[in-house]
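**Q** One structure, pasted below without further comment.
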Amino acid sequence: MKVIFDWLDDRSGYRNLLHEVLYEKVPGGARWRYVWGSCLTFAFFTQVVTGTLLWMFYSPSAQTAWESVYFLQYQVWGGWFLRGVHHYMAQAMIVLLVLHLMQVVIDGAYRAPRELNFWFGALMMGVTLALSLTGYLLPWDQKGYWATAVATNLMAEVPLIGPEIQKIVVGGVEYGHHTLTRFFALHAGVLPAMLVGLVVVHIYLFRKHGIHVKEPRPKKDSYFWPDQILKDAIACLAILLAVVALTLYFRGAPLGPPADPANEFPARPEWYFLFLFQLLKYVPAFWGAVIIPAFLALWIFLQPFIGVTRPGHQLNIGFWWTLIAGSVALTLLAFAEDRENTRHLAAINEANWQAERVLSIVADEGIPPAGAVTLLRKDKENRGRLLFAAHCASCHRYNSHDGRGYPVDDVQSAPELAGFASVEWLTKLLNHEHYISDEYFGGTEFKNGTMARKVLAKYTTEEKALMPRMAKLLSDNANLPYQEPLSEDERDELLSLFYNDDLVFQDGLACIDCHDIDSEEEGYAPDLTGYGSDEWTVAFIRNPEDDRFYGDENDRMPCYGRDNKLTDEEIQILSDWIRSAPAE
Amino acid sequence: MENDDQTSARRKFIRVATIGASAACGLFPLASGIPAILDPVRKSSGNTSSVPWSKVAPLLSLPEDGSPAKFEVVQEKVVDAWTTYKDVPVGAVYLTRKEDDVVAFNLKCPHLGCAIDYRKKSNDYFCPCHNSSFGLDGAVTTDNSPSPRPMDTMEAKVEEGYVWIRFQHFRPNIADKIPLS
C-alpha cells in the first residue's frame, strides 16, 4: 500500500497539497463561529450531487416536467426522499447564507484586506438566490408557474432593456418549453458552474488572508485539522439531520397540480422571498426590481470602506440587523395576511384538491402524451365544480360556497344544492322553516308561494312528522348514485301517502293535486315524475320555464339550454356533478 | 505519563470522530439517491405472462408460399415511464405462413439487436451488422455465425382471420432465449 501511495505522491505531490489544505492555522483555536462557511460548502456540495441525481429523472418540457417529477415522487423507489433532500437543503442554504453573512458582518471580517472576498461572497449570495428562483419553476406545478411569472415580470422593470431581458430568460413571450429548457440550463448548468468558480476564488482569498480572528482569543492556536474540521463536521451533520427530519416529516417536497395558465392560483414565492413579495404591496415594482437591489449592491460595495471607522462598522452592523428585522417583519406580515384571507385559503384548498384529484386520475388511466394538465381539464368532477362556480354560484350555493370552496360575495338567492334531491336535502325542503330560509327559497318569490303559505305553513305536528317519508319517496325518483333505491312495497306505501289515499292530510288535499308523479296530467306545480333524476335535472337546467317545471312562475333561473348559455355536454356534466355524493 | 496517554487517546478520538462525521456528510448526498438510481432493477418483474396479445395483420396478407413478410407491431397501451401511449408501434416482426398456422420472428438479431433483413435472392435472413445469417425456419445457417441462437420466435395465433402475437424482446448474445422484463 505504502509503495503505491509513495508513487502517487512522487508523481502528484498530493501529500503536500493535503498538508496545505488541512494544516491551515486557526489562531485562537477552533471555534463554532467559524463553521458557517464550511456548512455552506457542504450544502452546495449536497445540492450538486442530489441535483445531478435528479437530473437523471427530470425532463424539461411543458408536457413532461410535471409528469417526470410526479413519476420520481410517486413511482420511483426513494424518489420522494431524493427530491426532499434537495428541496430542504436549498432552504437550509438560504438560512446558512444569512448566518454566514451576519457572522462576517459582526466580526468585521469584511474589512481590509478582505474587501474583495466580501464582494465575492455577495456575488455568491446572488447566484444562490438565482438558483432558488430557477429551481422553483422546474416542477412546472401551479405554484412554481404563477410565482415565476411574477418574478420574470419584475425583470421587465429594468430600464431600457427590461422587456428584452425578460424575453431572453422566458424564451419568448409565453411560458412554455423554452422557459423550462432555459431555466433548467441556468439551474443545472450555468449557475452552478458560476458558483463553483466563485467558491474556488472565495476559498483562495480566504486562505490568502487567513481566518479573521474574533478577539479575544479563547484558546491557544491550533490547526484546521482536526479541531476545526470536527466542529465543521458536527455542524454539517446537524444540518443534514434537520434536512432529513424535514424530508421525512413532510414526505418529501410538495408537488402541486400541473401548471395551467387558465386555472388561477395565488402566486406566492418560496418563504425566503416572501418579504420581497410583501414589499411589492407597498412600493412600485420598479423599486423592488431595480432601486432596492441597486441600493443593496451599492451598500455592499461601500460597506468595507464605511466599516473602516468604529462608528462605520457599527452602522454596517445596524444596517444588516435592520434589514433582517424588516424582512422578518414583512415575512410575518405576509403569512398573517394570507392566514386571514379566506379567498386565499380557499385557493390553497382548491389547489390541494386538484393535486389529489390529478393523482387519482393518473392512477386510473395514466398520463396521456399531451400531459397531466389535460386530465384535469377533461375531468368531469373538476369541470362540474368550475361550471357550478361560473354559472350557478351567484344565486345557488354548494355547502355554502361556490362549489370550489371559495366564499361568494353575492347574497344567496336560490337553494343550497349540495346533496340535491337526497332524502336529507328534501326532508329539509319540506320543512316550512327551512323552505322559507335563505338556504332554500328565502331569496325567491316561492318564499311567498302557495307551497310555502298554504301547504307547508299549515301542517300540524303529525303531518309535519310525515314529511321525512315524503322526502324518501321523492328522493327515490332521483335515483341518486349514492343512495339505495326503495323496495317496491315501500314505494307503493309512500305513493298512497302522496295521493292521500288514507286521508292523512286533514285538509283533504293531496300532493298529486298540484304535482304529478307518474301521471299523464299536467299539474299546476312542477312535475315530480323522476324528480332529481338525470333526465329531470338535465331538462330542468335546460329550460326551467317549461310547463313541466315552473312555467311562467319561474323566478330568475336562466334557461341554460334553451338560450344556449351552456352546451348539452356542459349541462350533462353539471347535472352529474350536482347529483353526485356531496363533497365538503 | 498518564496525562500523555489521556491526551493521545483524546486526540485519537477526535481524529476518528472527525473522519466519521466528515465521511457521513460526504457520502450522504450520493446515498440519498441510490435507491432511486437502482429503481429500474427493482422494477424488473420477471413475469412474462402479462405480455399482451397484439393484432398484427390479416392472415390473407401473408404470402401462401411461406416466404416472410414484415409487419409493424402496434400495441394498444404502452407505458413509457410517466407517459401512457395508445396504439403505438413497438417493433416489427417477420411473419411466415404455414398453411393456417403462422410463425413470428422478432426483427431484432439475437446477436446484438440489429434489424435483420430478408434476402429474396438467397431466400434467407441476413443481419447486415455482423453477418449472421438464418434460414427461413430461423436456424443459424453458418458455422461461424456471430449469433449464438436462432432468430427469436414469439407466440402467435390466428383468430377470425387475423394474426395475433405476443411481442417480446429477448436477452441478446446468449444461447438461451430469455425474455427481457
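If you're matching them up, the sequences are chains A and B in order.
Under this note's numbering, the residue at position 33 of the first sequence is numbered 162, and the numbers go up by one with no gaps.
Under this note's numbering, the residue at position 180 of the second sequence is numbered 438, and the numbers go up by one with no gaps.
Beta carbons: idealized from backbone N, C-alpha and C, even for Gly.
These numbers were taken from a predicted model, which means no experiment stands behind them.
1) Applying the 10 Å Cβ sphere with the 16-neighbour rule, what's the burial state of residue 647 of chain A?
2) What number of angstroms, rounded off, separates the C-alpha of residue 699 of chain A from the C-alpha of residue 587 of chain A?
3) I want to verify the contact list: residues of chain A whose CB lies under 7 Å from the CB of residue 291 of chain B, in sequence order.
4) Who are the near neighbours of residue 213 of chain A in its chain, counting only those whose CB is closer than 6 Å to its CB and skipping five residues on each side?
5) Using the beta-carbon count (16 or more within 10 Å), is residue 357 of chain B buried or exposed?
6) Between residue 284 of chain B and chain E, is there a C-beta pair that is closer than 9 Å?
7) So, helix, strand or coil for residue 391 of chain B, using DSSP?
8) Alpha helix (DSSP H) containing residue 381 of chain B: first to last residue?
9) State yes or no: is the beta carbon of residue 604 of chain A nearer than 9 Å to at least one beta carbon in chain B?
10) Would residue 388 of chain A pass as a contact of residue 264 of chain A if the rule is Cβ separation under 9 Å?
11) Does the beta-carbon distance from residue 375 of chain B to residue 368 of chain B come in below 9 Å?
12) Going by DSSP in three states, residue 351 of chain A sits in which element: helix, strand or coil?
13) Would you give the residue range spanned by the beta strand (DSSP E) that residue 342 of chain B belongs to?
14) In chain order, what residues of the stretch 478 to 505 of chain A put their CB closer than 8 Å to some CB of chain B?
15) Taking Cβ-Cβ distances shorter than 7 Å, what residues in chain B pair up with residue 358 of chain A?
16) Are the stretch 516 to 527 of chain A and the stretch 216 to 228 of chain A touching, with three or more C-beta to C-beta distances below 8 Å?
17) At which residues does the beta strand (DSSP E) containing residue 285 of chain A begin and terminate?
18) Would you report the Cα separation of residue 343 of chain A and residue 254 of chain A, rounded to the nearest angstrom?
19) Thinking C-beta only, is residue 287 of chain B closer than 9 Å to residue 178 of chain A?
20) Is the stretch 354 to 363 of chain A touching the stretch 458 to 478 of chain A, taking contact as three or more C-beta pairs under 8 Å?
21) What are the boundary residues of the beta strand (DSSP E) that includes residue 312 of chain B?
22) When you compare each of B/414, B/381, B/416 and B/404 to residue 389 of chain B by their alpha carbons, which one comes out closest?
23) Can you check whether the CB of residue 285 of chain A is closer than 9 Å to the CB of residue 80 of chain A?
24) Any heavy atom of the ligand SAH closer than 8 Å to the beta-carbon of residue 674 of chain A?
25) Starting from residue 297 of chain B, find everything on chain A with Cβ-Cβ shorter than 7 Å and list it in chain order.
26) Between which two residues does the alpha helix (DSSP H) holding residue 445 of chain A run?
27) At a CB distance below 7 Å, what residues from the stretch 334 to 346 of chain B approach chain A? Give them in sequence order.
28) I'd like to confirm the pairing. Which residues does DSSP put opposite residue 333 of chain B in its beta bridges?
29) So, with DSSP's three-state summary, where would you put residue 694 of chain A?
30) Could I get the ranges of all uninterrupted alpha helix (DSSP H) runs contained in the stretch 372 to 431 of chain A, with 4 residues as the minimum, in chain order?
31) Which runs of the beta strand (DSSP E), 3 residues or longer, sit entirely within the stretch 461 to 519 of chain A?
32) Excluding the 5 residues flanking residue 228 of chain A on each side, which residues of the same chain have their C-beta closer than 6 Å to its C-beta?
33) For residue 432 of chain B, which residues from the same chain have a beta carbon less than 8 Å from its beta carbon, with the 5 sequence-adjacent residues on both sides left out?
34) Taking Cβ-Cβ distances shorter than 7 Å, what residues in chain B pair up with residue 200 of chain A?
35) Taking the straight line between their C-alpha atoms, what separation do you get for residue 680 of chain A and residue 190 of chain A?
36) For residue 530 of chain A, does the three-state DSSP call read helix, strand or coil?
**A** Reading off the structure:
1) exposed
2) 40 Å
3) 179, 182 and 211
4) 376, 381 and 382
5) exposed
6) Going by chain labels, chain E is absent from the structure shown, which instead holds the protein chains A and B.
7) strand
8) Here residue 381 of chain B belongs to no alpha helix (DSSP H), and DSSP marks it neither H nor E.
9) no
10) no
11) no
12) strand
13) 341 to 356
14) 494, 495, 496, 497 and 498
15) 276 and 280
16) no
17) Here residue 285 of chain A belongs to no beta strand (DSSP E), and DSSP marks it neither H nor E.
18) 23 Å
19) yes
20) no
21) 311 to 316
22) B/404
23) For residue 80 of chain A there is no data in the structure shown, the boundaries of chain A being 130 and 713.
24) Although the ligand SAH was asked about, the structure shown includes no ligands whatsoever.
25) 205 and 206
26) 439 to 469
27) 337, 339, 340, 341, 342 and 343
28) B/346
29) coil
30) 403 to 408
31) none
32) 165
33) 406 and 407
34) 339 and 340
35) 54 Å
36) strand
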